[in-house]
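Under full-length UniProt numbering, the first residue of the sequence shown is numbered 1, with each subsequent residue one higher. Report on the structure given below.
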Amino acid sequence: MSRVNGASKRGRSSENEEEDKYPRMTKESLRRLCKETKGYLTPHLNDILYLHYKGYSKIENLEEYTGLKCLWLESNGISCIENLEAQRELRSLYLHHNLIGTIENLEHLELLDTLNLSHNTLHRLQNLRTLPALHTLNVSHNRLHDAEDIRELEHCLTLGVLDLSHNNIDDVAILDVLSSMANLRVLTLTGNPVIKSIPHYRKTVTLACRHLTYLDARPVFEKDRRCAEAWEKGGLEAERAMRKELQDAEHKRISNSVNALTRIRRARGEAGAEAAAEDGQRTEAAAGDVAVGRAELAVVNDEVSSDESASGNEDSVDHGAAAGPDGDTQDRRLDQTRARASDSLADLPQPKRPGQRSLGLGASGCQLMGHSSSLRMLWGDKTEVDTREHAVHRRPRGVPASSLRSSRTVVSRW
1 MSRVNGASKR GRSSENEEED KYPRMTKESL RRLCKETKGY LTPHLNDILY
51 LHYKGYSKIE NLEEYTGLKC LWLESNGISC IENLEAQREL RSLYLHHNLI
101 GTIENLEHLE LLDTLNLSHN TLHRLQNLRT LPALHTLNVS HNRLHDAEDI
151 RELEHCLTLG VLDLSHNNID DVAILDVLSS MANLRVLTLT GNPVIKSIPH
201 YRKTVTLACR HLTYLDARPV FEKDRRCAEA WEKGGLEAER AMRKELQDAE
251 HKRISNSVNA LTRIRRARGE AGAEAAAEDG QRTEAAAGDV AVGRAELAVV
301 NDEVSSDESA SGNEDSVDHG AAAGPDGDTQ DRRLDQTRAR ASDSLADLPQ
351 PKRPGQRSLG LGASGCQLMG HSSSLRMLWG DKTEVDTREH AVHRRPRGVP
401 ASSLRSSRTV VSRW
């Protein structure tokens, strides 16, 4: 008995000595790492913990870190998954580049979404059915060999991303396991001997996994799936016919899009041409109205000039005498001519520049100055009307024209 007790004590002491050779995951070291990575000194406030490249051989002293959602344990010397019971909120667990040989002690991680166990020593996938939310699993660069080693995947109902690359899988029966995974979307089998054993590898795997969208880092398009289905039914000729049919449909779709765009542009061009033609017609009509206004204005200028000449002769004969009946008749004729000119000009359009105040009035009280300046401003007319207060004054009967010459409208041509 003494020999047995002595042997057990020596065994425990040797294990302790072996553990002491590696860094330990102590509470003090964890708090120090939280400070270095700008985390919280209060353990349960941390949602991510960086413990990679530290040389740890055992997972321990994480009971206070109950709020963790992401735990990095990459590139250590860990050989066993343990002491994670308090991390019930964990979503991502990174254990790649370690010495793990068995998947265990994960049943309490009900919210775990991503698990990375690549570059370990796994011989068989186990205990994954206890992870109801697992979506991404990476077990590349391990020691998996046949279909039985990955049979556990049939029970992973939510698994959508699976990486089995660079193992020793050479069993074609893995297609039965993969086809039973209803939610599998991304699959990587690169570096396994089974790729050479499966005839028409890409088509066969695409047909086996009905919902696959990526295979070996290459997308699986809908046209690839339809071609594979045609190949399965009718061989290579059926695949070629399906591929040609898909190409023709794609060309037709592109042509229809281009033709529709051309029709839209043509319709816009025709509408612009019609609008330009209407603008031209309006411009010609306005030009005709301007010509009429200029003719009326010329008549007014001529009559004003003749009236001034007659008034000058009258002033030289009779200084300050009242005008006779002939003078009254001329005044009435002049007033009528001016009224007609004003009515004609009042009906003309009077566009104005931005910020320009219009000087025109209605047909009953049109100001000659306002119309003349508007015409000069828009169509370059050389007519200038110089008035006092910009109004047309009528000479009272019996008042000589010379006495009102300073305030009467003078119309002249440049």
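Glycine residues also receive a C-beta, built at the ideal position from the N, C-alpha and C atoms.
query	result
Which residue's Cα is closest to the Cα of E60: S140, V172 and C80?	C80
Roughly how many angstroms separate the alpha carbons of H141 and H251, rounded to a whole number?	44 Å
Only counting the same chain, and skipping five residues up and downstream in sequence, which positions put a Cβ closer than 8 Å to that of E64?	K27, P43, H44 and A86
Can you tell me whether DSSP reads residue 426 as helix, strand or coil?	Missing from the structure shown is residue 426; the chain here goes from 1 to 414 and no further.
Within its chain, find whatever has a CB closer than 8 Å to the CB of L90; leave out the 5 residues flanking it on each side and keep chain order.	L68, K69, C70, L71, L84, L109, L111 and L112
Judging by CA-CA distance, which residue of I198, N183, V194 and E237 is the nearest neighbour of Y214?	N183
Go through its chain and collect everything with a Cβ distance to V186's Cβ below 6 Å, but skip five positions before and after it.	V161 and Y214
Let me check understanding here. Comparing Cα to Cα, which of A273, Y53 and D171 lies closest to D149?	D171
So what does DSSP say about L93, is it helix, strand or coil?	strand
Quick one: residues in its chain with C-beta nearer than 8 Å to the C-beta of N46, no 5 flanking neighbours on either side, listed in chain order?	C34, G39, Y40, Y65, G67 and L68
Using the rule of at least 16 other Cβ atoms within 10 Å of the residue's Cβ for burial, across every protein chain shown, is Y94 buried or exposed?	buried
Rounded to a whole number of angstroms, what is the C-alpha to C-alpha distance between A249 and A230?	16 Å
Pull up the DSSP beta-bridge partners for L215, would you.	L187 and R218
Indicate the three-state DSSP secondary structure (helix, strand or coil) for V161 in the structure shown.	strand
Going residue by residue through the region 63 to 135, where are the continuous beta strand (DSSP E) segments of at least 3 residues, counting only ones entirely within it?	70 to 72, 92 to 94 and 114 to 116
Looking at C-alpha atoms only, which residue of E104, I78, I198 and V258 is the closest neighbour of K58?	I78
Taking the alpha helix (DSSP H) that I195 falls in, what are its first and last residues?	V194 to S197
Under 8 Å between the Cβ atoms of E82 and H97?	no
At 4 residues or longer, and completely inside the region 23 to 64: list those alpha helix (DSSP H) runs for me, N to C.	27 to 36
Report the option in V205, I174, N167 and L178 whose CA atom is closest to the CA atom of G191.	N167
By how many angstroms is the C-alpha of D216 removed from the C-alpha of R210?	16 Å
Report the three-state DSSP secondary structure of D171 (helix, strand or coil).	coil
Quick one: measure Cβ to Cβ for A228 and K203, integer angstroms, because I've assumed they're closer than 8 Å.	4 Å
Looking at the secondary structure, which residues open and close the alpha helix (DSSP H) in which K203 lies?	Y201 to A208
Would DSSP call R151 helix, strand or coil?	helix
Alpha carbon to alpha carbon, what distance is there between L297 and H390?	Because H390 carries a pLDDT of 41, less than 50, the predicted location of this residue cannot be relied on, and the following value inherits that uncertainty. Going from the Cα of H390 to the Cα of L297 covers about 16 Å.
Rounded to whole angstroms, how far is the Cβ of H145 from the Cβ of T114, which I believe are closer than 8 Å?	With 8 Å as the limit, H145 and T114 do not qualify as a contact, their Cβ atoms being about 25 Å apart.
Can you tell me whether D279 is helix, strand or coil according to DSSP?	helix
Tell me whether K21 sits in a helix, a strand or coil according to DSSP, three-state version.	coil
With burial defined as no fewer than 16 other Cβ atoms inside 10 Å of the residue's Cβ, what is the status of S118: buried or exposed?	buried
Does any CB atom of chain D fall closer than 8 Å to the CB of L51?	Structure shown: chain D not included; a single protein chain is present.
Pick from A147, K223 and R243: whose alpha carbon is nearest that of V177?	A147
Buried or exposed: where does T206 fall if 16 or more other Cβ atoms within 10 Å of its Cβ makes it buried?	buried
Measure the Cβ-Cβ separation of A208 and L175 and say whether it is below 8 Å.	yes
Quick one: what's got a C-beta closer than 8 Å to V220's C-beta in the same chain, skipping five residues either side?	T206, L212, T213 and Y214
Looking at C-alpha atoms only, which residue of I169, D279 and L51 is the closest neighbour of P23?	L51
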